[in-house]
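Here's the structure, in structure tokens; my notes come after.
Number of protein chains: 2
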Amino acid sequence: MGGALRNDAREARRSAILRAAVEVFAERGYEDARMREVAERAGVADGTTYLYFQGKEALLVAILEENAKAFLERARRDAGRQKDPGAKLRKVIERHLVSLENDRALAHVFQIELRHSRRFLRQVARGQVAEYLRLLQRIIAEGTASGRFRGDIPADVAARAVFGAVDELITSWVLADRPRSLAGQAAPLLKLIFGGLERRAGGSR
Amino acid sequence: MGGALRNDAREARRSAILRAAVEVFAERGYEDARMREVAERAGVADGTTYLYFQGKEALLVAILEENAKAFLERARRDAGRQKDPGAKLRKVIERHLVSLENDRALAHVFQIELRHSRRFLRQVARGQVAEYLRLLQRIIAEGTASGRFRGDIPADVAARAVFGAVDELITSWVLADRPRSLAGQAAPLLKLIFGGLERRAGGSR
DNA sequence: CCGTGGTGATTGAACGCCCATTCAGTCTCA
DNA sequence: TGAGACTGAATGGGCGTTCAATCACCACGG
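Protein chains in written order, with my numbering: chain A, 1 to 205; chain B, 1001 to 1205.
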């Protein structure tokens, strides 16, 4: 049977459409993106996109779910490889920054287009974010339990603050005309997260 | 002349429309909000909204600009009243949290609806955010210069990280079904920002 | 004090644009 | 040769916006 080949071809086409959607959404913004342009860039006819995805919004959902799932898996794997909670947190944040820096169009869609409506945000996007937050929270709680992190900040507040800090650096990177390297900002960001703004009691001058 | 009275009436009507827009945008989301409902809730006819604002998006811009301007003024005033950079930062963040907690519908619009498109974000919203970031950055740089804050983190990175942390707490408060008090989270957030995650050299166990 | 005309504000029904989506016809390949 | 994949022109509907008609208010003259 040629089923395997067929499936490969089908899968390739699906990917092409998804990739085209990422690019068009990033360039024009979700609202101004035209299904016609997605189809054109994927090299298929207008109607073909509807053979692979239910519609325009389903494309957005697919972009989110497939990439978020892959990211979460990698992040969990990274964390699992480390013993120290501090090292786990460091790896996850670095993974977060690097993943998006490697694909600016995708970063665009993640930071901006995926947040375009409350309905969408609550029903879809936040589900993935919540999982990510839970991962951060677990790591932080572990660090608190082991005595490495201070115990007077609830882990859920800390997790959201950390996520927010990383998220904002990425968003401004996405919106900048001439963005500085994201990975290059990881070091100060991590210093801030780990060490805090105020001079530490026994710190360097 | 009755000009003053006329102007008052006009101003009142303008406010009613703006307020209705905040509420409808918050309840339904920008996309699903109907101009008809904004008009209805403001107690005017459909067409009247267009005598006060250019159109639907102009309402969003007006909501942003008027409130952001007022907030920035208050924040600058708060900061100006303090000597210590740490106290300035604390006041500004508290002002930020309290301002939005006092008006949940407005917070909704600020955290979600105002970010609905890249074009809008870049051209309008980010201008206001950039000003706010500059304020934070100045305060942080001042703290670094005076030796109170550590010197190995660039002020612009720190400012964005701080903004992101605050912003994310507010967003999750907005999206939560049964939100915990925002002001109640200010203390741990500030501890985190000022003190950092890791246990401080001379800190409590 | 009324009546009256005029001016600007308000109304809301109707319009028309725009594009996501559909589906009848065509093609491809085994 | 037929089953399934693909095509792309045509469609439809939803809602922001417009504007001709109406109203409210005030100044002024009788």
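Beta carbons are placed, not taken as given, at the ideal position from N, Cα and C, and that holds for glycine.
{"Check": "Would you kindly report the start and end of the unbroken alpha helix (DSSP H) that includes N1179/B?", "Outcome": "The sequence shown places Pro at residue 1179/B, not Asn. Counting along the chain, P1179/B falls outside any alpha helix (DSSP H), and DSSP gives it neither H nor E."}
{"Check": "Is the distance from the Cβ of P1179/B to the Cβ of I1139/B below 9 angstroms?", "Outcome": "no"}
{"Check": "On the three-pair Cβ rule with 8 angstroms, is the region 1042-1050 of chain B touching the region 1010-1017 of chain B?", "Outcome": "yes"}
{"Check": "Quick one: grab the DSSP three-state call for F53/A.", "Outcome": "coil"}
{"Check": "Spatial neighbours of R1104/B within its chain, please: CB distance less than 8 angstroms, with the 5 preceding and 5 following residues excluded, ordered by chain position.", "Outcome": "A1026 and V1174"}
{"Check": "Is it buried or exposed, S1172/B, if we count other Cβ atoms within 10 angstroms and call 16 or more buried?", "Outcome": "buried"}
{"Check": "Smallest Cα separation from V22/A: which of D78/A, V157/A and N67/A?", "Outcome": "N67/A"}
{"Check": "To the nearest whole angstrom, what separates the beta carbons of G29/A and R1126/B, a pair I think is in contact under 8 angstroms?", "Outcome": "Their Cβ separation, rounded to whole angstroms, is 14 angstroms, which puts G29/A and R1126/B out of contact at 8 angstroms."}
{"Check": "Determine the direct distance from the alpha carbon of V61/A to that of Q54/A, and round the result to whole angstroms.", "Outcome": "10 angstroms"}
{"Check": "Please list, in chain order, the chain B residues whose beta carbon lies closer than 9 angstroms to that of I63/A.", "Outcome": "Ordered by position in chain B, no residue passes the 9 angstroms Cβ test against I63/A, which lies about 15 angstroms from the chain."}
{"Check": "Between the C-alpha atoms of L1089/B and K56/A, what's the straight-line distance to the nearest angstrom?", "Outcome": "43 angstroms"}
{"Check": "Taking C-alpha atoms, which residue in E37/A, D32/A, A187/A and Q111/A lies nearest to A946/B?", "Outcome": "Missing from the structure shown is residue 946/B; chain B here goes from 1001 to 1205 and no further."}
{"Check": "Name the chain A residues whose beta carbon is nearer than 9 angstroms to that of I1017/B?", "Outcome": "Residues of chain A passing the Cβ test: none, with the nearest at roughly 21 angstroms."}
{"Check": "Please go through the same chain and pick out, in chain order, the residues whose beta-carbon is closer than 6 angstroms to the beta-carbon of H1116/B, but skip the five residues on each side of it.", "Outcome": "Y1030"}
{"Check": "What residues from the region 1110-1125 of chain B come within 8 angstroms of chain A, judged by C-beta to C-beta, listed N to C?", "Outcome": "I1112, E1113, R1115, H1116, S1117, R1118, R1119, L1121 and R1122"}
{"Check": "Are the beta-carbon atoms of K69/A and A79/A separated by less than 9 angstroms?", "Outcome": "no"}
{"Check": "Counting along the chain, where does the alpha helix (DSSP H) carrying G164/A start and finish?", "Outcome": "A155 to L175"}
{"Check": "Cβ atoms of A161/A and E207/A: under 9 angstroms apart, would you say?", "Outcome": "The question about residue 207/A has no answer, for chain A in this structure spans 1 to 205."}
{"Check": "Spatial neighbours of D46/A within its chain, please: C-beta separation below 7 angstroms, excluding the five flanking residues on both sides.", "Outcome": "M35, R36 and A39"}
{"Check": "If the criterion is Cβ atoms closer than 9 angstroms, does the pair L72/A and V124/A meet it?", "Outcome": "no"}
{"Check": "Would you call L1189/B buried or exposed, if buried means 16 or more other Cβ atoms sit within 10 Å of its Cβ?", "Outcome": "buried"}
{"Check": "Spell out whether any CB of chain A is found under 9 angstroms from the CB atom of R1087/B.", "Outcome": "It is Ala, not Arg, that sits at residue 1087/B in the sequence shown. No, A1087/B lies away from the interface with chain A (no Cβ there is under 9 angstroms from its Cβ)."}
{"Check": "For a cutoff of 9 angstroms on Cβ pairs, would you count E1198/B as touching chain A?", "Outcome": "At E1198/B, the pLDDT of 47 sits below 50, so the modelled position is not reliable and the matter cannot be decided from this model."}
{"Check": "Would you say L1100/B faces chain A, with C-beta separation under 9 angstroms as the test?", "Outcome": "no"}
{"Check": "Would you mind telling me which residues of chain B sit closer than 8 angstroms to V157/A, beta carbon to beta carbon, in chain order?", "Outcome": "L1169, Q1185, P1188, L1189 and L1192"}
{"Check": "So with CB distances below 8 angstroms, who are the chain A contacts of F1071/B?", "Outcome": "Within 8 angstroms Cβ-Cβ: nothing; F1071/B doesn't reach chain A, min ~18 angstroms."}
{"Check": "If I follow the unbroken alpha helix (DSSP H) through K1091/B, where does it start and stop?", "Outcome": "P1085 to E1101"}
{"Check": "Mark A32/A as exposed unless 16 or more other C-beta atoms lie within 10 angstroms of its C-beta, in which case mark it buried.", "Outcome": "Note that residue 32/A corresponds to Asp in the displayed sequence, not to Ala. By the 10 Å Cβ count, D32/A comes out exposed."}
{"Check": "Using a cut-off of 8 angstroms between C-beta atoms, extract the partners of R160/A located in chain B.", "Outcome": "A1165, E1168, L1169 and S1172"}
{"Check": "Taking E31/A as the query, report the chain B residues whose CB atoms sit under 7 angstroms from its CB, ordered along the chain.", "Outcome": "S1117"}
{"Check": "With a threshold of 9 angstroms between beta-carbons, can H1096/B be considered close to chain A, or not?", "Outcome": "no"}
{"Check": "For L136/A, would you say it is in contact with chain B, using Cβ-to-Cβ distances shorter than 9 angstroms as the test?", "Outcome": "no"}
{"Check": "Closest to Q111/A by CA distance: which of F194/A, L169/A and I17/A is it?", "Outcome": "L169/A"}
{"Check": "Considering only residues of the same chain and omitting the five flanking positions on each side of I1193/B, which have a CB-CB separation below 8 angstroms?", "Outcome": "L1089, I1093, V1162 and A1165"}
{"Check": "According to DSSP, simplified to helix, strand and coil, what is G184/A?", "Outcome": "helix"}
{"Check": "If we cut at 9 angstroms on Cβ distances, does L1175/B have a partner in chain A?", "Outcome": "yes"}
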